[in-house]
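Asker: Below you will find the structure I want to go over with you.
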């Protein structure tokens, strides 16, 4: 069970409630009225817990698990231990996410405006917002209903934040329009001026950065990430995109819907990622490129050219995954060859 | 036109004013009294707008542009559409930067000391400074005239900040001397102790870091970047250097004048970059090296040795650009060769 | 001498006191009552200063140094200039760290609760704590004796902090248990939700992250680093580990004792580093791996497999150091070969 200092648990819930929530089918013999009070891994789960199996590597643990219930795909049903109730679904991990989120719901936003918050008189704060201690909200900023603004966050002049968005402590927002139901974690900086200037040996001259950052609905941005505003066009983060910690997004970048950017990756200015592009950790994408829908960019890769939709690339410079590993195999072969005569 | 929630526009200005500002020559037939009220890209600019052409790739857009005026180099004058006023200069982009900065001047610093700011009695705050809500200024700190200190920034004990410097929200400064007209964006950390300790299996022992960070005039530091103080010598950022977001600079590093460090690059301890070195995104430079004047370090490169002045390197380990791409071509050739027999 | 605006010096101390502190032996003829008032490098040290020699590259500087005293290993004693007192030890740099820390002790924690700090009534603040301006401490949080909490730091609900821990400005802590005598530098974010969700084209679904971050005693975390909380298990940072700036640690990661992670490195979820693993700058380690005791991961390497104890790897994908440099030599040879026929 999660540490009650940090997490509040709801429930217990009956199996039939959880099956319905997850869109899963109960196995034969499972008691729909059985109570489930927690989630747990296969190894440690007990009678009142629900677990999940999403990867056949864990079939052995599944077979020995004492979980009262388990979310599984149809093809492993016959591997279940006796007496375990199964919730059968094509997407066990997604179903687990829904059920875990039901047992441990996000804390409700407590309506509050802390006395120490500094809210410009021209700012508009919607109903049911939580404005933490030390928060600063600039002139003409607008928060829609049910926003949570963490302690010491700074919401700049004119910024607007959509309903139900959660903003962590020490976040800095400026020159941006944030959608609904976003999560912006601690230390994030959105809307700083893009890195635009005319290089000149007599002194670099700043080019005013006159665009904004548009963050669409349902976006998550991880701790200490930074997203610069556009130079004239806007920087756009598409709906439902997931951005991990310490990710850097340059001016004029456009992310489509549902993109996933893992920790410490970076996207240089004016590059466009179409929908559902996945960028692995520490990858870098050069500026002014287009990365096609659903493309996958491997960890630490360095993308210097457009990537077609659906492609998977890796390496620096980035190339198709298959080519990369063939090249690496070539290196390994050379090592072996040389081992013989030289040593 | 830029979103008025975030940007204030000055003007309109007459063509002759802008030409003079930019050091450009008006083309024959251009009306020096014509009014320009905004900047815009070639594709969308209209009669009252000024645009620029800096790259011959955009000659077609230039030929079809309806911009009232355009900044161009002398060699493309004859490609202009009829009726477009030209401002002719050898540095169109630099001229554009100056004009855009004139039309959208940086907001004036509004003299203010917010009541919620905590300013130590021994600190000295010069005239015309803006001290935002929640700012904390430590003992014996000194701010010269016209500084802007963003909300919730923390200026440590003894820190000094030069005239006209702009500091963003949630910035943390300690053990540093900041020059004039610098821009330090949100979330930046300057002056933390360098990563110095005696490694020891019985327990690493910290080595006191007794130097400072010296940031010279006109330096820009991007969001969430960090610059550690020296171990004894100082860490120095040369005048006019431009540092992007999430850049890491270790203790005792010395940057010359006008260096450019792009996002997520890192410079390890005691390395020296001479004037005008450019470091591309995610590049890393090992410690105790010297990078010569004007050298260019490519994206994601890993520099393990000194780089001579003017050289361009890439790869990890870094090598001359030409060598790197020849090696990559070799890999590609091997792929093609092997495709034949094996498959 | 270090800038008195930022550093307070103790002393002077007698040589015998310093020798005892460092566990060093005084050379013959050295005056145990001689006073030492400062540390300095070999080149600039004078009569009242103590220096150290830890690397034979600096033997020449040692031979010419005017330092009053020097920490040295036994094998270089005969290279000392006449009249220099030697403190002989097998670990000169460690001894130097101890002595420098004695001459420049960390500032004492000044007991204070600034009036602007917002401390929840249910929080417990131990004796002799310094709570800076603008600090926010959440419900049921607990600080043990002698903690320093920097200005505008945010200590979340339920967080506990061990005795003598130093927390910098603008730090954000949540869902974590912090040990004793830790140093957490400016801008650090600990305890944000791990990057866990079920990817789905209909919309990624968050998986609640129900673990914590456990930071054991004596850990240092550099500026703007981020450590996510576990998904169910905890994320654990072993005692005495040293983490540099802008390091990213994913959910469920376990670091053993005394690990060293240099700037901009990243460890993906559920990976385990055993004791004393060293991770160089910008290195990345994939998820679900085990890195054996004392392994060394080179700068910018990309670790995709387990690494055995004591191994040194580099490259992306990572391989033994020796293999990597043989491969690089192979590339260099190819360049030379091709230079002849082609050009």
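Chains as they are written, first to last, in the numbering used here: chain A, 4 to 346; chain B, 4 to 346; chain C, 4 to 346.
All C-beta atoms in this analysis are idealised placements derived from N, C-alpha and C, irrespective of residue type, glycine included.
Just so we're clear, the structure is a prediction, and the values are computed from it rather than from any experiment.
1) Identify every residue that forms a DSSP beta bridge with residue 195 of chain B.
2) Taking Cβ-Cβ distances shorter than 7 angstroms, what residues in chain A pair up with residue 69 of chain B?
3) Are three or more beta carbon pairs between the stretch 178-186 of chain B and the stretch 198-218 of chain C nearer than 8 angstroms?
4) Report yes if the C-beta distance between residue 172 of chain B and residue 141 of chain B is below 8 angstroms; otherwise report no.
5) Taking a cut of 7 angstroms between CB atoms, which residues from the stretch 314-331 of chain B lie near chain C?
6) Using 8 angstroms as the threshold, is the C-beta distance between residue 136 of chain B and residue 139 of chain A below it?
7) Please work out which residues of its chain come closer than 6 angstroms, Cβ to Cβ, to residue 150 of chain A, disregarding the five sequence neighbours upstream and downstream, and give them in chain order.
8) Do you know offhand how far residue 308 of chain B's Cα is from residue 290 of chain B's?
9) Under 7 angstroms Cβ to Cβ from residue 346 of chain B, same chain only, skipping five residues before and after it: list those, please.
10) Looking at the C-beta of residue 10 of chain A, does it have a partner C-beta in chain C at a distance below 8 angstroms?
11) Taking the CB atoms as reference points, tell me whether residue 301 of chain B and residue 302 of chain C lie closer together than 8 angstroms.
12) How far does the beta strand (DSSP E) with residue 88 of chain A in it reach, from first residue to last?
13) Which residues of the stretch 98-123 of chain C have a Cβ closer than 8 angstroms to any Cβ of chain A? Give them in chain order.
14) Near residue 186 of chain C, what residues of its chain come up, given a Cβ to Cβ distance below 6 angstroms and the 5 sequence neighbours on each side ignored?
15) Pull the bridge partners of residue 151 of chain B from the DSSP assignment, please.
16) Can you tell me whether residue 330 of chain C is helix, strand or coil according to DSSP?
17) Tell me whether residue 104 of chain B sits in a helix, a strand or coil according to DSSP, three-state version.
18) So does the stretch 225-232 of chain B actually touch the stretch 113-127 of chain C, counting three or more Cβ pairs closer than 8 angstroms?
19) For the putative contact between residue 280 of chain A and residue 259 of chain A, defined by C-beta atoms under 8 angstroms, what is the C-beta separation to the nearest angstrom?
20) Using 10 angstroms around the beta-carbon of residue 13 of chain B, count the other beta-carbons present and answer buried if the total reaches 16, otherwise exposed.
21) Is the CB-CB distance between residue 91 of chain B and residue 70 of chain B below 8 angstroms?
22) Beta-carbon separation of residue 33 of chain C and residue 88 of chain C under 8 angstroms?
23) What is the residue span of the alpha helix (DSSP H) that residue 65 of chain C lies within?
24) Are the beta-carbon atoms belonging to residue 101 of chain C and residue 208 of chain B less than 8 angstroms from one another?
25) Taking C-beta to C-beta, are residue 266 of chain C and residue 212 of chain B nearer than 8 angstroms?
26) Ordered along the chain, which non-local residues of its own chain (more than five positions away) have a Cβ less than 7 angstroms from that of residue 272 of chain A?
27) What did DSSP end up calling residue 95 of chain A once you bin it into helix, strand or coil?
28) Return the CA-CA distance between residue 234 of chain C and residue 40 of chain B, expressed in angstroms with no decimal places.
29) Tell me which residues share the same chain as residue 166 of chain A and place their Cβ nearer than 8 angstroms to its Cβ, disregarding the 5 neighbours each side in the sequence.
30) I need the DSSP call for residue 278 of chain A, collapsed to helix, strand or coil.
31) Secondary structure at residue 18 of chain B, three-state DSSP: helix, strand or coil?
32) Would you tell me roughly how many angstroms separate the C-alpha atoms of residue 188 of chain C and residue 175 of chain B, rounded to the nearest one?
33) Going straight from the alpha carbon of residue 277 of chain B to that of residue 297 of chain B, what length do you get?
34) Under the three-state reduction of DSSP, which class applies to residue 323 of chain B: helix, strand or coil?
35) Which residues share a DSSP beta bridge with residue 238 of chain A?
Answerer: The short version:
1) Its beta-bridge partners are B:231.
2) For the C-beta of residue 69 of chain B, not a single chain A residue is nearer than 7 angstroms; the gap to the nearest is close to 17 angstroms.
3) Contact fails: fewer than three Cβ-Cβ distances are below 8 angstroms.
4) At a Cβ-Cβ threshold of 8 angstroms, residue 172 of chain B and residue 141 of chain B do not count as neighbours.
5) Hits within the stretch, in order: 319, 320, 326, 329 and 330.
6) Taking 8 angstroms as the cut-off, the Cβ atoms of residue 136 of chain B and residue 139 of chain A count as close.
7) Excluding its 5 nearest sequence neighbours in each direction, residue 150 of chain A has C-beta neighbours in its own chain below 6 angstroms: 132, 164 and 168, listed in chain order.
8) Taken atom to atom, the span from the alpha-carbon of residue 308 of chain B to that of residue 290 of chain B is near 9 angstroms.
9) Confidence is the limiting factor: at residue 346 of chain B the pLDDT is only 38, short of 50, which leaves the residue's position unreliable, though a coordinate-based value still follows. Sequence-distant partners of residue 346 of chain B (beyond 5 residues in either direction) whose C-beta falls short of 7 angstroms from its own C-beta are missing from its chain.
10) Chain C contact via Cβ: present.
11) No, these two residues do not count as a Cβ contact at 8 angstroms.
12) DSSP places residue 88 of chain A inside the beta strand (DSSP E), whose first and last residues are 88-91.
13) Residues passing the 8 angstroms Cβ filter: 119 and 121.
14) Counting only Cβ-Cβ distances below 6 angstroms, and skipping sequence neighbours, we find 169 and 223.
15) According to DSSP, residue 151 of chain B bridges with B:133 and B:169.
16) Helix at residue 330 of chain C.
17) In this structure, residue 104 of chain B counts as helix in the three-state DSSP scheme.
18) Counting Cβ pairs under 8 angstroms, fewer than three are found: no touch.
19) Beta-carbon to beta-carbon, residue 280 of chain A and residue 259 of chain A are separated by about 7 angstroms, close enough to satisfy the 8 angstroms threshold.
20) Exposed, since its Cβ has fewer than 16 Cβ neighbours within 10 Å.
21) No, Cβ-Cβ distance for residue 91 of chain B and residue 70 of chain B is not below 8 angstroms.
22) Their beta carbons are under 8 angstroms apart, which means residue 33 of chain C touches residue 88 of chain C by this criterion.
23) Residue 65 of chain C -> alpha helix (DSSP H) spans 62-67.
24) In this structure, the beta-carbon distance from residue 101 of chain C to residue 208 of chain B falls below 8 angstroms.
25) No; because the gap between Cβ atoms is not below 8 angstroms, this pair is not in contact.
26) Shown here for residue 272 of chain A: same chain residues with a beta carbon closer than 7 angstroms to its own, the five before and five after excluded, namely 197, 253, 254, 255, 256 and 290 in chain order.
27) In the three-state DSSP reduction, residue 95 of chain A falls in the helix class (H, G or I).
28) C-alpha separation (whole angstroms): 54 angstroms.
29) In the same chain as residue 166 of chain A, and ignoring 5 residues on each side of it, the C-beta atoms closer than 8 angstroms to its own belong to 129, 147, 148, 149, 150, 183 and 184, in chain order.
30) The answer is coil: DSSP assigns residue 278 of chain A none of H, G, I, E or B.
31) Helix, per DSSP.
32) Looking at the backbone, the Cα of residue 188 of chain C and that of residue 175 of chain B are separated by about 10 angstroms.
33) So the two alpha carbons sit approximately 7 angstroms from each other.
34) Collapsing the DSSP output to three states places residue 323 of chain B in a strand.
35) Residue 238 of chain A pairs with A:216.
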